[in-house]
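Line by line, the protein sequences give chains A and B. Taking the UniProt record's numbering, the leading residue of the first sequence gets 1, the next gets one more, and so forth. Taking the UniProt record's numbering, the leading residue of the second sequence gets 1, the next gets one more, and so forth. Note that the Cβ used here is the ideal one computed from N, Cα and C, for glycine as well. All remarks here apply to the structure that follows.
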Amino acid sequence: MSTARSERGTPDTAGGAAGRKGRTGKNGAVRLNWRVRLRRDRTLLLMTVPAVVLLLIFNYAPLFGLVTAFQYYDPLVGVRDSEWAGLAQFQQLFHDPLFWGALKNTLWLSLVQLVLFFPVPIALALLLNTVLSERLRNFIQSVVYLPHFFSWVLAITIFQQMLGGAGILNHFLRQNDIAPWDITTNPHTFALLVTSQAIWKEAGWGIIVFLAALAAINTDLYEAAAVDGAGRWRRMWHITLPGLRGVIVLMLVLRLGNALTVGFEQFLIQREAVGHESADVLDTFSFYYGIATGNYSFGAAAGLFKSVISLLLIWGANKLAHAFGEDGLYRK
Amino acid sequence: MSQTPTTVRADAPTAAPTAAEPRPARTGRPRARAGRAPWEEPPTLIGQGAKGVTLAGVIAAVAVPLWIIALTSISTPGAVNRAGGLVIWPDGITFDAYRQMLGDGTVRTALMVSFAITVVGTLVSMIVSVMAAYGLSRSESFAHRPILTLLIVTMFVSGGLIPTFLVVTGLGGYDQWWSLILPSAVSVFNILVLRSFYSTTSADLIDAARLDGAGDWRILWSVVLPTSRAVTAVIALFYAVGYWNSFFNVMLYMPTSAEKWPLQYVLLTYVNRGNGLPGSVNSGFGAANAQTAPLTLQMAVVVLTLVPLLMVYPFMQKHFRTGVLTGAIKG
């Protein structure tokens, strides 16, 4: 309650003070005095209070908690009385080979996923778009959306049961006297394993956006191109793909901005089986060397490093989108 | 959340016009194509075949593992032995694994914990989100811009894992039920989706209600919610799935209280890692305590995590697009 009150429109206050009786708004309509509007909209403000309070506690308070990254945080004395460390935690971080290993893994996994995962939903959407029967298309869609709603625990369990040492695949191999091939614990092919898991779980869901973009393409263009003698593939190249361009760039921006977040739960669950050398990413690093060992400040420093680089990535990716003449995440 | 098919279908026509905004991509379902256009060349046999094989492969990738798991969970020990593990073809059916698990023990408790967290969590999330979305949806209302900014900022910057952990435990959240719900109760993304739907509710309708003496609570309940029932249901499903699937909060805040673990965490420790559950002497897994549980029991746990989802899924599936697109494009 008190929070919403304190939030009450700093920009509007200035306007209200300038013209007590009300002033002319953007579109020529007379805007009411801010006191009147506050009174009129008090119920609406009241409704936003729970959400604002929860976000202040669980999203904004941790932002201030980031100071622990510059401390030798001791849970017994709390944030306020912990000893200041300056940049010592970061120095330790940058001298830690495990941290560099995690960073390298993160970037490598991100790259593999970008190259192998990103085109799959687009291809699948193009393929599905050519299915004429609406009933068949709806059926396929409901099947491929489904794994998105599975938890990572479930998805990985399924992979284990199918491809793991005791799984269906190896059972079949053994029966036919072929050497078993344990995919789920092999550190060398881990990048491929997690990418195929991601494809299995999320590629189907990813097609929604592309299908919508496909549906928005004007069919007259296809007809005109066909009349001009363009075949199926030429129409795809000159009409369909340009029609998808905006969405593809947007998705690419989102992906690049999240390059340092490759899938925390997915790695956390499989870390034991594969070994931390190849399964540790920045998020799991922050978790294991922060919370599990009780070295909170160290983990917070790793998390802060990741957040800052991520923000820079989002900003940079957006610049790139604007350079392509697309909107990206935000306009300007 | 558990909508009957008729109510959901009845919404579809009302939801479509509300979504009619300048962006055409947003309206409803993919355009129905009645057959091939006259200028379109018929597909070659090879092309047709390749397409069929690819799509069949895609479907099989999802369906086959589920089939094998479901079948193994209802197989007799004999059938499992003959198959040497997972069962691919039915051969001796029994529901013993389920009977044993639901009879008593850790899995039954976990199932109830999961249901409780999902129901309470979804309720909390929906009440908070619907109120916030409506509160921010009227375009001229006081201070809605700064509040909206306050919300959106959290989508881009976050304190990260450790500061959040410290705040929750600092508030006494360790080993408390609320720590599994409240820290993740608000999804700004979902609020934005709801808000963009609520703000397209016809202003005339709202003015009419106001003239009839309805306040904002009344308008939300009797005008805005009924006209956007489909999207509200989809968002509720998103929240519910989130709570049903969550295990990381348990790992953070409740790692030692096995009797409070939800199903996903049991799945992780029991099936994925093959550990015995602590304190499960009386449980369905009691006989094989501290060893890997029999395969049928493990697969039955997998199926149990799936069933509630599969029960709601068919009713919601056709509405996903609206929810996803509204949010995805706004970003």
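Give me the residue from the options with the minimum Cα distance to residue i.
i      : options                        : result
A/L212 : B/F320, B/A60, B/T269, B/V312  : It is Ala, not Leu, that sits at residue 212 of chain A in the sequence shown. Among B/F320, B/A60, B/T269, B/V312, the Cα nearest to that of A/A212 belongs to B/F320.
B/L252 : B/A110, B/V168, B/S199         : B/V168
B/I181 : B/L123, B/P146, B/A203         : B/L123
B/A185 : B/L295, B/P163, B/G135, B/V130 : B/V130
B/M254 : B/S73, B/Q176, B/A214, B/G52   : B/Q176
A/T240 : A/R137, A/L221, A/L260, A/L254 : A/L221
A/H276 : A/N33, A/S82, A/A102, A/Q92    : A/A102
B/A97  : B/M299, B/Y313, B/G47          : B/M299
A/V77  : B/G105, B/T94, B/F156, B/L166  : B/L166
A/A215 : A/M251, A/L244, A/Y145         : A/L244
Which of the three DSSP states is assigned to residue i in this structure?
i                      : result
A/Q71                  : strand
A/E83                  : strand
B/I93                  : strand
B/S75                  : strand
A/I168                 : helix
A/V281                 : coil
A/L313                 : helix
B/M251                 : helix
A/H95                  : coil
residue 338 of chain B : This structure cannot settle anything about residue 338 of chain B, because the visible part of chain B is limited to 1 through 331.
A/F324                 : coil
B/R29                  : Residue confidence is low: B/R29 scores 46 on pLDDT, short of 50, so the model does not pin down where it sits. Its coordinate-derived value is still stated next. Residue state, collapsed to three classes: coil.
B/P163                 : helix
A/T240                 : helix
residue 335 of chain B : Nothing can be reported for residue 335 of chain B: it is not among the residues displayed for chain B, which extend from 1 to 331.
B/T216                 : For the sequence presented, residue 216 of chain B should be read as Asp rather than Thr. Here B/D216 sits in helix by DSSP.
B/P17                  : Residue placement at B/P17 is poorly supported in this model, since its pLDDT is 39, which falls under 50; the coordinates still yield a value, given next. Three-state result, B/P17: helix.
A/L268                 : helix
A/N258                 : coil
How is the alpha helix (DSSP H) around residue i delimited, first residue to last?
i                      : result
B/A300                 : 295-316
A/N295                 : Run containing A/N295: none; DSSP gives neither H nor E here.
A/A179                 : Premise fails: A/A179 is in no alpha helix (DSSP H) and is neither H nor E.
B/Y198                 : 188-198
residue 333 of chain A : With chain A running from 1 to 332 in the structure shown, residue 333 of chain A is simply not present.
B/S129                 : 106-135
B/N275                 : Unbroken run through B/N275: none, as it is neither H nor E.
A/V36                  : 34-40
A/V209                 : 204-215
A/V131                 : Per DSSP, A/V131 belongs to no alpha helix (DSSP H) and is neither H nor E.
B/Y243                 : 229-245
B/I206                 : 203-211
List, in order along the chain, the chain B residues whose C-beta lies closer than 8 angstroms to that of residue i?
i      : result
A/W34  : F142
A/P50  : I127, V128, M131, A132
A/G299 : L161, I162
In chain B, which residues lie with their C-beta within 9 angstroms of the C-beta of residue i?
i      : result
A/R232 : E40, E41, P43, G47
A/H171 : A83, G84, G85, L86
A/D41  : G135, R138, E140, S141, F142, A143, H144, D216
A/G290 : L161, I162, F165
A/A226 : A37, W39, E40, E41
Interface residues of chain B around residue i at Cβ under 7 angstroms?
i                      : result
A/I269                 : L268, N272
A/P121                 : The contacting residues do not exist; A/P121 stays about 12 angstroms from chain B at best.
residue 335 of chain A : Because chain A here runs from 1 to 332, residue 335 of chain A falls outside it and cannot be looked at.
A/E223                 : A37, W39
A/W200                 : A61
Can you list the residues of chain A that residue i reaches, using a CB-CB cut of under 9 angstroms?
i      : result
B/L182 : L54, I57, F58
B/Q176 : Here the premise fails: no neighbours, minimum Cβ distance about 14 angstroms.
B/F247 : S151, W152, V153, E265, I269
B/T118 : Per Cβ cutoff of 9 angstroms: no residues; B/T118 is ~12 angstroms from chain A at best.
Which residues of chain A have a Cβ atom closer than 8 angstroms to the Cβ of residue i, listed in chain order?
i      : result
B/A208 : Chain A residues near B/A208: none, gap ~18 angstroms exceeds 8 angstroms.
B/S158 : N59, P62, L63, S307
B/A236 : The premise fails here: B/A236 is roughly 13 angstroms from chain A at the closest Cβ pair, so nothing lies under 8 angstroms.
Taking Cβ-Cβ distances shorter than 7 angstroms, what residues in chain A pair up with residue i?
i      : result
B/K260 : Result: empty, since nearest Cβ-Cβ is about 17 angstroms, beyond 7 angstroms.
B/Q100 : Simply none; closest approach about 20 angstroms.
Kindly confirm or deny that the stretch 154-174 of chain A and the stretch 127-146 of chain A touch, where touching means at least three C-beta pairs closer than 8 angstroms.
no
Given 8 angstroms as the limit, is there contact between the stretch 68-88 of chain B and the stretch 297-312 of chain B, that is, 3 or more CB pairs closer than that?
yes
Three or more C-beta pairs closer than 8 angstroms, one from the stretch 40-57 of chain A and one from the stretch 136-147 of chain B: is that the case here?
yes
Contact between the stretch 59-78 of chain A and the stretch 299-311 of chain A is defined here as three or more beta-carbon pairs at a separation below 8 angstroms; is this criterion met?
yes
Assess, as a yes-or-no matter, whether the stretch 76-92 of chain B is touched by the stretch 159-177 of chain A under the definition of 3 or more beta carbon pairs within less than 8 angstroms.
yes
Mind the definition here: the stretch 231-243 of chain B touches the stretch 188-207 of chain B only if three or more C-beta pairs lie below 8 angstroms; say whether that holds.
yes
Quick test of the definition: if touching needs 3 or more C-beta pairs under 8 angstroms, does the stretch 257-272 of chain B touch the stretch 103-122 of chain B?
yes
I'd like to know if the stretch 144-153 of chain B and the stretch 281-292 of chain A are in contact, where contact means that at least 3 CB-CB pairs between them fall below 8 angstroms.
no
Is it a yes or a no for the stretch 118-127 of chain A touching the stretch 204-211 of chain A, going by three-plus beta-carbon pairs under 8 angstroms?
yes
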